[in-house]
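Undergrad:
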Amino acid sequence: MQFHFQQALRAVTLFAFFLFLIKLHLGEEITKYVNPKYVLFSQTAAVLFLCLFYVQIQRIWGKRHIHDHDCHHGCSHDHGESASPVKKMISYSILIFPLVTGFFLPAKTLDASIAAKKGTLLTKPVKAQEQIENESELSHLDESAAEVEPNLSLYENGEDGFDDQVPLPNPNEMADEEYKEKMKQLDNSTMIDMKDNVFEPYYGEINAEPHKYIGRTLKLKGFVYREEDFQPNQFVLARFLITHCVADANVIGFLTEFDKAHTVKENAWLEIEGTFHTTTYNNAEVPVLKIVSWKEISEPAEPYVYPVFTRIK
Amino acid sequence: MNRWAQTSLLDFTGLLAAAVVVYFSLFGGWVMKQDFISQIPASLLQLNTIFLSILIEAVPFVLIGVLIAGFIQIFVTEEHIEKWIPQNKFLAVTMSCVVGACFPACECGIVPIVRRLVAKGVPIYAGVGFLLTGPLINPIVIFSTYMAFGNDLKIAGMRMAVGFIAAMIISLFVSLLFNGNQLKEAHHHEAAIQTKNRKIPFSIRFWDMLKHSIDEFFDMGKYLILGAFFAAFVQTYVSAQALLQVGEGWISSTLVMMGLAFILSLCSEADAFIGASFRNIFPATSILAFLVYGPMIDLKNTFMLLSVFKMKFVLQLIALITIIVFICISFLN
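Protein chains in written order, with full-length UniProt numbering: chain A, 1 to 313; chain B, 1 to 333.
In structure tokens, the structure reads:
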């Protein structure tokens, strides 16, 4: 019997990976890393790590020549016995590195600096503001503004229009009928509520045919993000769309305009109501929101939005 | 030493190992509350978050990959492979591409599997065919692409078709250009050992399979971690937007999209939404290049391939993939 230090180290590493995943799940930090729809994958990984740990502890105490015993089927990889000490040190440091940063450093929500790296592509800056101030649009706007009046008093009453919102059911999955119902609501209502669970499909629809929505009111929350060539009265109110994990985060949001835009700090979370206009950029119609009311909020518990998957029966 | 002492020694070591880890993780909770954590720049914390998220996303698939690799190592013999793979190169390539297309894998999970297959005597060109179509063509990828492009089957269909054709051409070129298995280390003694292996009872072989999977994980793991870290670094500090300014005209926009696919290292199941967000600024063919090229090769994947194959082969393979995908896309224009 001999104690194999490297096998012990591997056992510890496997257990640490298991514990790291479990810790993320228990603390619900996992949503800061991956789309909650896919947590089952990492739960499976945690179970596999535990099984492998169980296998690995059998190898800690073994015969003197573990290599003979193990390698009778002629494998090519390193059993942790062959490489030079320096090489081993490096490879174990690499393996332990994510565990150290994972256990010791808090997860950080992506912010505007990442958005700036990725670019919001869909909402390009408006160079000349007067482009959108065309007469027919304005008159159209006045008509519909009257219709949405009751809703606009929302914030003045001190009522938080978002409080009654049901928490996002974690896997953003809905039945086909429910989805169609929600999309019909988008088509018909003059007051569009961009709830988290419909953010992505609504965003897609509105960007596909911005002219259809001119004059309608939109309610949404997001963080403030600016690009270099924005006017002082402009910013994007954006959210990160997470398909799988935060590495594939995509910035989606609407260009908004209002006079006090420059007073709002980047990365601040706002909830706003605004009316739609459109402007043209690169021969494409782009929606712009004129803010009617706004207030600062703290970062929501679920800062990200997820694409909708409709259940197929 | 008697049996009882042996088992209790195992239990004790196992418990000790667990205790050490738990102790350090509790220590982690304490560290997170300290002041100096708040002084770490936000960008570093975000880099760390993206890095870990790539790992968390990839790890389940890598584990499944190493388990399958372990299975192949122990249960599949060279004679099996010889029987299954057609002698004719074209047929072998076609078969490997079709098998890859039916096999739901992602680009990190498939590397250990391919390594094991090639070590077992699968010709390198067939291995490459499997490597390329595995992550690119599978039901989840088709579905997510369909969703991302506004429930339109056209892009999803094109992605599969162009991807399959490109994979076939690349594998055929590999069959012409390369001999030998191109693995980092040679495998000579495999056949002799396999015959001996058959007499060993199933339970022991299953146990061996798991041990192999662990070794494979530790082998692959470090490259996966390096790849994930570099991909996260690029995402945090390199502006993709600067890259996008270059993209005028279909040639440069296609190259830009391929470059982006390489450095972003997205999972093939998730890249369609990113691809779709470029629809307004780039032609559809450039986006198709992004969707086809990304699952075939990317930064994270390159690191993993380097752990398996010779450096020269990996670099030539990357060049080959880049050229062939680009030419395939050009034909569409």
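Glycine residues also receive a C-beta, built at the ideal position from the N, C-alpha and C atoms.
Remember, it's a predicted structure, so these values are computed and weren't measured experimentally.
#1: For residue 340/B and L153/B, what's the separation of their Cα atoms in angstroms?
#2: Looking at the structure shown, is T279/A part of a helix, part of a strand, or coil, going by DSSP?
#3: Skipping 5 residues on each side, what residues in its chain have a beta carbon closer than 6 Å to that of V224/A?
#4: If I'm right that L241/A touches L289/A with Cβ under 8 Å, what's the distance once you round it to whole angstroms?
#5: Between A192/B and P60/B, what straight-line distance do the alpha-carbon atoms span, to the nearest angstrom?
#6: In the DSSP output, which residue or residues are listed as bridge partners for D193/A?
#7: What is the rounded straight-line gap between the Cα of I68/B and the Cα of P283/B?
#8: Where does the unbroken beta strand (DSSP E) through E257/A begin, and where does it stop?
#9: Just curious, the alpha helix (DSSP H) that L39/A is in, first and last residue?
#10: Inspect the beta-carbon positions of R205/B and F75/B and report whether they are closer than 9 Å.
#11: A18/B touches chain A at which residues, Cβ-Cβ below 7 Å?
#12: Check the Cβ-Cβ distances between K108/A and every residue of chain B, and say whether any is below 9 Å.
#13: Spatial neighbours of L95/A within its chain, please: CB distance less than 8 Å, with the 5 preceding and 5 following residues excluded, ordered by chain position.
#14: So, under 8 Å CB-CB, V55/A and K211/B are touching, yes? Tell me the CB distance rounded to an integer number of Å.
#15: How far does the alpha helix (DSSP H) with L131/B in it reach, from first residue to last?
#16: Could you say which of A232/B, A272/B and I281/B lies nearest to V256/B if we only look at CA atoms?
#17: Helix or strand or just coil, what does DSSP make of G275/B?
#18: Beta-carbon of M1/A versus every beta-carbon of chain B: anything under 9 Å?
#19: Against chain B, with Cβ distances strictly below 9 Å, would P210/A count as a contact?
#20: Please compile the residues from chain A whose C-beta is within a distance smaller than 8 Å of the C-beta of residue 358/B.
#21: So, is the C-beta of Y237/B closer than 9 Å to a C-beta in chain A?
#22: Rounded to whole angstroms, how far is the Cβ of Q7/A from the Cβ of I60/A, which I believe are closer than 8 Å?
#23: Out of P36/A, G62/A, K87/A and F17/A, which has the shortest C-alpha to C-alpha gap to L9/B?
#24: Give a yes or no on whether 9 Å exceeds the smallest Cβ distance from T302/B to chain A.
#25: Whole angstroms are fine: how far does the CA of T285/B sit from the CA of Y333/B?
#26: Against chain A, with Cβ distances strictly below 9 Å, would I110/B count as a contact?
#27: Check this for me: beta carbons of F53/A and G134/B, under 9 Å apart or not?
#28: How about A17/B and P98/A: do their beta carbons lie closer than 9 Å?
#29: If you check the beta carbons only, do I327/B and F173/B fall under 9 Å apart?
#30: Can you name the residues of chain B whose CB is closer than 8 Å to the CB of A8/A?
#31: Between F51/B and chain A, is the shortest Cβ-Cβ distance under 9 Å, so that the two count as touching?
#32: On a CA-only basis, which of N207/A, K221/A and E228/A is nearest I297/A? Give me that one, please.
#33: Does the CB of L32/B have a neighbour CB from chain A at under 9 Å?
#34: What does a CB cutoff of less than 7 Å around F233/B pick up in its chain, not counting 5 residues either side in sequence?
#35: Could you check which residue in P41/B, I56/B and D35/B has the C-alpha nearest to that of F41/A?
#36: By alpha-carbon positions, which one of F331/B, I329/B, I318/B and M296/B ends up nearest to A105/B?
TA: By the coordinates alone:
#1: Because chain B here runs from 1 to 333, residue 340/B falls outside it and cannot be looked at.
#2: strand
#3: F235, V264, E266 and A268
#4: Wrong, their Cβ atoms sit about 18 Å apart, outside the cutoff.
#5: The predicted position of A192/B is uncertain, since its pLDDT is 41 and thus under 50; a value taken from the coordinates is nonetheless stated next. Approximately 34 Å between the Cα atoms of the pair.
#6: K219/A
#7: 39 Å
#8: N250 to E257
#9: Here residue 39/A is Val; the residue named in the question, Leu, does not match the sequence. Run containing V39/A: V39 to I57, per the alpha helix (DSSP H) assignment.
#10: yes
#11: F15
#12: yes
#13: T13
#14: 6 Å
#15: I124 to L136
#16: I281/B
#17: helix
#18: yes
#19: no
#20: Nothing about residue 358/B can be reported from this structure: the residues present for chain B run from 1 to 333 only.
#21: yes
#22: 5 Å
#23: G62/A
#24: no
#25: A quick correction: the sequence has Asn, not Tyr, at residue 333/B. When rounded, the distance between both Cα atoms is 7 Å.
#26: no
#27: no
#28: no
#29: no
#30: T13 and A17
#31: yes
#32: K221/A
#33: Correcting the residue type first, residue 32/B is Met in the shown sequence and not Leu. Judged by the 9 Å Cβ criterion, M32/B is in contact with chain A.
#34: L47
#35: I56/B
#36: M296/B
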